[in-house]
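A short worksheet on the structure shown next.
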Amino acid sequence: MEKFAFIIHPIDIKDVIRVEPKAANKRLELIEKMLEWMPPHKASHITGIKSHTGMEAEGWFITCPLFPKQFIELPRKQIYKKIIETGKIAKKLGARILGLGAYTSVIGDAGETVAKNLDIPVTTGNSLTIAIAIEGALEAAKFMHIDVNKCNTSVIGATGSIGSVCSYILADKVGHLTLVARSLKRMQKIVDFIKENKKVKVFYSTDLQDTVNKSDIVISATTSIHGIILPAYPKSGSVICDVALPHDVSREMATIRTDVLVIEGGLVEVPGSVDFGYDFGYPPGIALACMAETIILALEKRYECFSLGRKISIEKVEEIYKLAKKHGFKLAGLRCFERSISQKEIDEIYERACKMKRS
1 MEKFAFIIHP IDIKDVIRVE PKAANKRLEL IEKMLEWMPP HKASHITGIK
51 SHTGMEAEGW FITCPLFPKQ FIELPRKQIY KKIIETGKIA KKLGARILGL
101 GAYTSVIGDA GETVAKNLDI PVTTGNSLTI AIAIEGALEA AKFMHIDVNK
151 CNTSVIGATG SIGSVCSYIL ADKVGHLTLV ARSLKRMQKI VDFIKENKKV
201 KVFYSTDLQD TVNKSDIVIS ATTSIHGIIL PAYPKSGSVI CDVALPHDVS
251 REMATIRTDV LVIEGGLVEV PGSVDFGYDF GYPPGIALAC MAETIILALE
301 KRYECFSLGR KISIEKVEEI YKLAKKHGFK LAGLRCFERS ISQKEIDEIY
351 ERACKMKRS
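Residue 150 in this note's numbering sits at position 150 of the sequence shown, with consecutive numbering throughout.
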């Protein structure tokens with residue numbers, strides 16, 4: 001039995017209330033301070049994972065109790081210390097590889113310092129996250145009758161470790177690509193590389209609203225702690241694949257823009273009769289791709305720092321995607337705001353978009 005662990009942390013107050021209902025009556029400032037003082041701890045034991053190859057794995061969710069805002073605002077040294085303490089619990093439990101979830105994989109040097117201070121290998125899971133996000137976005141585009149060779153595609157957060165590689169891979173799959181990020185200098189390097197090596201028409205911008213308004217497909221992977229894609233932004237009939245956690249797409253989108261298909265990127269079905277022992281808002285057997293990468297590496301006995309740091313290679317994205325297929329991991333349909341989207345709902349979104357275009 002192969003063993004792994006994965007670090008989780010609360011994304012918002014709802015995650016805290018789900019575990020501790022009494023927190024609903026507490027002030028946010030008090031909860032933040034309590035999380036800051038609280039030590040890392042085991043959240044659950046994960047059982048029932050069985051690969052199509054017959055290999056089995058078990059693992060643990062370990063909580064690093066901080067909100068995304070705290071990961072950004074607290075002293076870097078304090079954050080590293082807490083993540084490393086969380087990793088040491090994984091080692092004591094018998095895990096042979098550790099996955100970094102949400103902001104624990106983003107902060108600082110994207111896991112490199114954490115890995116240097118632990119006795120087990122560490123992965124951010126970003127390689128499989130990229131592969132599954134692109135698969136989901138292209139699948140959604142097909143349902144919305146979008147021709148990827150002719151449409152406008154954009155990547156928001158294009159200079160990040162996920163966004164940059166999404167940009168490189170999409171450059172081989174789409175006809176028109178626009179990159180959006182805050183740093184023009186870093187974005188220019190990515191654009192220059194794509195222009196030199198790919199045939200796609202590529203542009204860059206710092207104007208988020210204008211780019212989203214002109215895009216048929218959007219992949220968003222920023223590290224913002226608030227929703228940045230507002231209901232007024234998207235083009236009618238477009239697809240938005242939200243890879244970020246916390247989500248980049250405003251929750252208001254679900255009720256206001258019923259002519260736009262918004263999907264959560266990076267969700268997979270895990271093979272076997274999986275019991276995560278923890279409610280993180282998804283149906284049984286559904287996990288984030290970053291979690292799935294950690295599990296796959298354990299099933300493969302690949303106890304190594306597979307995805308680490310800011311630079312993720314296309315080769316690793318392709319490799320982990322093949323390994324996912326080998327072990328029976330697959331895209332978990334299309335989901336939006338913690339619920340699955342049926343074919344009927346997608347057809348209705350498409351029809352509403354067509355009606356709006358006609359009017």
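Every residue gets a Cβ at the ideal spot worked out from N, C-alpha and C, and that includes glycine.
Item                                                                                                                                               : Value
Is K201 helix, strand or coil by DSSP?                                                                                                             : strand
Check this for me: beta carbons of I84 and L118, under 8 Å apart or not?                                                                           : yes
Between M291, C354, S313, which has its C-alpha nearest S164's C-alpha?                                                                            : S313
Between the Cα of I58 and the Cα atoms of L66, Q209, A95, which residue gives the shortest distance?                                               : Per the sequence shown, the amino acid found at residue 58 is Glu instead of Ile. With distances taken between Cα atoms, E58 lies closest to A95.
Who are G59's beta bridge partners in DSSP?                                                                                                        : F4, I46
Which of helix, strand or coil does DSSP assign to I79?                                                                                            : helix
Per DSSP, G272 forms a beta bridge with which residues?                                                                                            : I49
How many Å lie between E348 and D210 at the Cα?                                                                                                    : 26 Å
State buried or exposed for K82, treating a residue as buried only when at least 16 other CB atoms are found within 10 Å of its CB.                : buried
Considering only residues of the same chain and omitting the five flanking positions on each side of R76, which have a CB-CB separation below 7 Å? : G108
Decide if D216 is buried, meaning its Cβ has at least 16 other Cβ atoms within 10 Å, or exposed.                                                   : buried
In whole angstroms, give me the CA-to-CA distance for A102 and C64.                                                                                : 11 Å
Which same chain residues end up closer than 7 Å to Y278 when comparing Cβ atoms and leaving out the 5 residues on each side of it in sequence?    : A43, S44, F61
Just confirm the distance between the C-beta atoms of H176 and T206, as a whole number of angstroms; I'd bet it's less than 8 Å.                   : 18 Å between Cβ atoms; not a contact.
Nearest to A5 by alpha carbon, out of A292, E264, G266?                                                                                            : A292
Let me check one thing: in DSSP terms, what residues is A287 bridge-paired to?                                                                     : V268
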